[in-house]
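**Q**
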Amino acid sequence: MEAAPKRRLEPLCVKIPLPLIRAVVDDFYERIQDHPTLAQPFAIVGDWDLHKERLTHYWWTVMGGLPYGDYRYALGDKHATVGVTSPLVDDWLALFHATMLDHLDPDLAQRWLGLASGIGESLRLMFAPR
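So for the sequence shown, numbering that gives the first Met the number 0 puts the first residue at 0; every next one is plus one.
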């Protein structure tokens, strides 16, 4: 009996290359600045270009890309001053998904949304009322 060929999982960054991640991130954060519920919490961002570059790098590495910058990520620390609530996470995910769908095939958008949803769930747990 012949052995089944081994499947090799491909990192998502192979399907969603860095320029496409950058385009989604740039568009998303432009939309956030005018969003009815997200603009106010994100008003603390002082340098949008740096913020977008850091988040592009973040998503690139989350998707399996090799780091190209010297960034440190502290999810809890960065979001503590924002006032994260479950409805804000819902709005963030909905806007992020809508932005992805304007740039990506639906299946790739869904895969990226899966990663974002995991991060959203972590934020919900970190900042849940006690």
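Using N, Cα and C, we set each Cβ at its ideal position, and we do this for glycine too.
1) When the distance is taken between beta carbons, is L11 closer than 8 Å to W91?
2) Taking the alpha carbon of T80 as the reference point, which residue from V23, R30, F126 and D33 has its own alpha carbon closest?
3) Over what stretch of residues does the alpha helix (DSSP H) that includes I15 continue unbroken?
4) Residues in the same chain with beta-carbon distance under 7 Å from K51, minus the five sequence neighbours each way, listed in chain order, please.
5) Let me make sure I understand the geometry here. Which of A73, A38 and P35 has the alpha-carbon closest to that of Y57?
**A** Taking the definition as stated:
1) It is not a contact, given that the beta carbons lie outside the stated cut-off.
2) Nearest in C-alpha terms to T80, of all of V23, R30, F126 and D33, is F126.
3) Here I15 belongs to no alpha helix (DSSP H), and DSSP marks it neither H nor E.
4) If the five residues before and after K51 are omitted, its C-beta is found closer than 7 Å to the C-beta atoms of V24, D25 and Y28, all from its own chain and listed in chain order.
5) The candidate whose alpha carbon is nearest that of Y57 is A73.
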